[in-house]
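Positions in the sequence shown are counted from 1; adding 380 to them yields the numbering used here. To keep things clear, I will list the structure first and then write my remarks on it.
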Amino acid sequence: MIEGERLVFIGGLHRSGTTPLADALAQHPDISGLSGTGAPHDEGQHLQPVYPRAKVYAGSGHFAHAPEAHLTESSPLVTPDNAARILAAWEPYWDLHRRLLVEKSPPNLIMGRFLQALYPGSALVMVVRHPVVVALCNKKWRRLVSRNIRRYSTLDGLVAHWVQAHRLLLEDTPHLQRLHLVRYEDLVERPEEELARIQAHLGLSTPFPTGTIRPSHSERYEQQWDAMRTGLTPGAFQRRLITRRHAADIAAFGYDVDDLGVRGDWPQTPASSPAVGS
């Protein structure tokens with residue numbers, strides 16, 4: 381069986397940058413990511429037969445509200461047999477000659493304790509992006525990919541989901557080992573610096589190839605958010621609602637509800653792992 385120290389799990393809400401990060405890591409000569417799976421975005425959650433996929437809990441914008449989706453070391457699913465069954469589903473899509481094996485799925489954000497219980501010594505890399513930008517991205521993306529009313533959510537609902545998911549991550553942090561957190565905004569602005577941090581976290585002796593992260597900016601979402609500042613439109617109502625309900629929560633995570641370019645310190649829990657990046 382594959383040793384836990386070889387496994388790297390990437391997590392982060394949908395549209396937070398997990399896919400470009402996973403693609404960048406897979407460019408390293410010592411790393412293999414899942415590829416050619418036929419599953420959406422080559423996410424391991426869709427291949428394994430043990431734990432429910434995010435879509436069971438209405439998918440992006442909803443899954444973190446389901447207590448059953450927050451799996452920990454106390455889950456009855458944590459068994460040696462299940463650990464082997466999950467790996468058996470992923471192994472055909474990895475290059476097992478590589479030193480490290482990456483699996484990326486958004487629900488990993490709130491499943492770190494579960495994954496590390498199954499695979500002791502595994503590493504976690506969590507990607508965080510501004511909640512308003514994530515909400516705007518998801519709102520646009522959902523219109524393109526789904527007509528399922530069960531998966532419908534307002535912008536306010538998407539921000540509330542972001543807050544809930546990251547609260548769970550904070551609660552889990554003291555129980556996690558080998559956890560590294562990267563902000564999407566830092567990753568696209570200073571890719572070499574942020575990838576160097578990940579290189580150190582994973583104990584790699586050689587750097588990631590340059591140019592693996594393409595510059596990306598959120599100006600169009602900043603403009604969209606600014607246009608929602610006033611008026612009697614549904615968007616303006618949603619902005620006022622988000623500001624009233626979530627401004628304090630957003631600030632607690634180091635972001636600003638009015639200025640999407642602002643980011644402060646990520647909150648630390650009293651017993652946070654020293655491996656957590658910010």
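Backbone N, C-alpha and C define an ideal beta-carbon position, used for all residues, glycine too.
Can G413 and S502 be called in contact, C-beta distance under 8 Å? Indexing the sequence shown from 1 puts residue 413 at position 33. Indexing the sequence shown from 1 puts residue 502 at position 122. Taking the C-beta atoms as reference points, S502 is found no nearer than 8 Å to G413.
Under three-state DSSP, which class holds S396? Within the sequence shown, residue 396 is the residue found at index 16, counting from 1. DSSP places S396 in coil when its eight states are reduced to three.
Please confirm whether H450 and A540 have their CB atoms less than 8 Å apart. Looking up residue 450 in the sequence shown gives position 70. Looking up residue 540 in the sequence shown gives position 160. No; because the gap between Cβ atoms is not below 8 Å, this pair is not in contact.
How many angstroms separate the CA atom of H421 from the CA atom of V507? Indexing the sequence shown from 1 puts residue 421 at position 41. Indexing the sequence shown from 1 puts residue 507 at position 127. Here the alpha carbon of H421 sits roughly 16 Å from the alpha carbon of V507.
Compare the beta carbon distance of G391 and Y564 with 8 Å and say whether it is the shorter of the two. By 1-based counting over the sequence shown, the position of residue 391 is 11. By 1-based counting over the sequence shown, the position of residue 564 is 184. Using a Cβ distance threshold of 8 Å, G391 and Y564 do not count as a contacting pair.
Cβ shell of L556 (< 8 Å), same chain only, five flanking positions each side left out: The residue given as residue 556 occupies position 176 in the sequence shown. If we look at L556 and ignore the five residues flanking it on each side, its Cβ neighbours are G492, R493, Q496, L504, S653.
I390, enclosing alpha helix (DSSP H) - first and last residue: Numbered from its first residue, the sequence shown carries residue 390 at position 10. Note, I390: premise wrong, no alpha helix (DSSP H); beta strand (DSSP E) at 387 to 391.
Alpha carbon of H426 to alpha carbon of T459, nearest angstrom: Translated into the one-based positions of the sequence shown, residue 426 becomes position 46. Translated into the one-based positions of the sequence shown, residue 459 becomes position 79. The alpha-carbon atoms of H426 and T459 are separated by roughly 20 Å.
Shorter than 8 Å from the beta carbon of S440 to some beta carbon of chain D? In the displayed structure, chain D is absent; only one protein chain is listed.
DSSP on S653, reduced to helix/strand/coil? As a working mapping, residue 653 is identified with position 273 in the sequence shown. With a pLDDT of only 45 at S653, under 50, the local geometry of the prediction cannot be trusted, and the value read off the model is given with reservation. Looking at S653 - three-state DSSP - the assignment turns out to be coil, as it is neither helix nor strand.
On a CA-only basis, which of R465, E573, P486 is nearest H546? Give me that one, please. Position 166 of the sequence shown holds residue 546. Closest option to H546, judged by alpha-carbon separation, among R465, E573, P486: P486.
Tell me whether E383 sits in a helix, a strand or coil according to DSSP, three-state version. Taking the sequence shown and counting its residues from 1, one reaches residue 383 at position 3. Coil at E383, not helix or strand.
Going by Cα to Cα distance, which pick from L548, R594, L559 is closest to F633? One-based indexing of the sequence shown puts residue 633 at position 253. L548 is the residue among L548, R594, L559 whose C-alpha sits nearest the C-alpha of F633.
Would R395 and V514 be called neighbours here (beta carbons separated by less than 8 Å)? Walking along the sequence shown from the start, residue 395 turns up at place 15. Walking along the sequence shown from the start, residue 514 turns up at place 134. Going by C-beta atoms, R395 is nearer than 8 Å to V514.
DSSP puts S412 in a beta bridge; with which residues? Reading the sequence shown from its first residue, position 32 is the one you call residue 412. In the DSSP output, where bridge partners are listed per residue, S412 has L481.
Proximity below 8 Å, CB of Y499 to CB of A463: Taking the first residue of the sequence shown as 1, we reach residue 499 at position 119. Taking the first residue of the sequence shown as 1, we reach residue 463 at position 83. Yes, the pair counts as a contact, with Cβ atoms nearer than the cut-off.
Span separating the alpha-carbon of V436 from that of Q579: The sequence position of residue 436 within the sequence shown is 56, counting from 1. The sequence position of residue 579 within the sequence shown is 199, counting from 1. Each residue's CA atom was taken as its position, placing V436 and Q579 some 34 Å apart.
Distance between I382 and R643 (C-alpha atoms, nearest Å): Sequence index remark: in the sequence shown, residue 643 carries index 263 (1-based). Sequence index remark: in the sequence shown, residue 382 carries index 2 (1-based). Whole-angstrom Cα-Cα distance: 38 Å.
Residue nearest to A324 in terms of C-alpha spacing, selected from S454, E453, R433: Here the chain comprises residues numbered 381 to 658, so residue 324 is not present and cannot be evaluated.
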